[in-house]
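Quick note on the numbering used here: the sequence shown kicks off at 10 and runs consecutively.
Here the structure comes first, spelled out in structure tokens, and everything after it is commentary.
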Amino acid sequence: GVGMQKSELIENLGRIARSGTANFVKSLEQDSSDVSLIGQFGVGFYSAFLVATKVEVVSKSFKDSGADQKAWRWTSQGGTFTIEEAPKEEFFGEQSGSKLILHLKEEAQEYL
Numbered sequence: 010g011v012g013m014q015k016s017e018l019i020e021n022l023g024r025i026a027r028s029g030t031a032n033f034v035k036s037l038e039q040d041s042s043d044v045s046l047i048g049q050f051g052v053g054f055y056s057a058f059l060v061a062t063k064v065e066v067v068s069k070s071f072k073d074s075g076a077d078q079k080a081w082r083w084t085s086q087g088g089t090f091t092i093e094e095a096p097k098e099e100f101f102g103e104q105s106g107s108k109l110i111l112h113l114k115e116e117a118q119e120y121l
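Quick look at the structure:
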């Protein structure tokens, strides 16, 4: 993949986290009959919080080169997020890309 720079993680995923993941998930659980949200930006990403207590995205962008190419770890438990450098992260032998890590809820373990 192409990966994301730190600023792109903040802009793209930060907006989703700040806009109320907990409220979004709660509304989905209360009324699952409303499918009008399908296909809207961020809905697929939000769905990770239906089965996970914590979501991590580790990304390294192809846009950065040399010493500027750093991997970043975006972490959220819904509502807020942190970003930190992830210098020892491997990308399956690739120079750039993104990994999504879901820390599954106990009741979601059956999906493994």
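All C-beta atoms, glycine included, are put in the ideal place defined by N, C-alpha and C.
Just so it is clear, the structure is predicted and the values come from calculations on it, not from any experiment.
* Where do the N-terminal and C-terminal ends of the beta strand (DSSP E) with F90 fall, by residue? -> Unbroken beta strand (DSSP E) run through F90: 89-94.
* Backbone CA spacing between Y120 and S16 [nearest angstrom] -> 33 Å
* To do: Decide if L22 is buried, meaning its Cβ has at least 16 other Cβ atoms within 10 Å, or exposed.
  => It counts as buried.
* Using the rule of at least 16 other Cβ atoms within 10 Å of the residue's Cβ for burial, across every protein chain shown, is A76 buried or exposed? -> exposed
* Which whole-angstrom value describes the C-beta separation of W83 and E65, a residue pair presumed to lie in contact below a C-beta threshold of 8 Å? -> 7 Å
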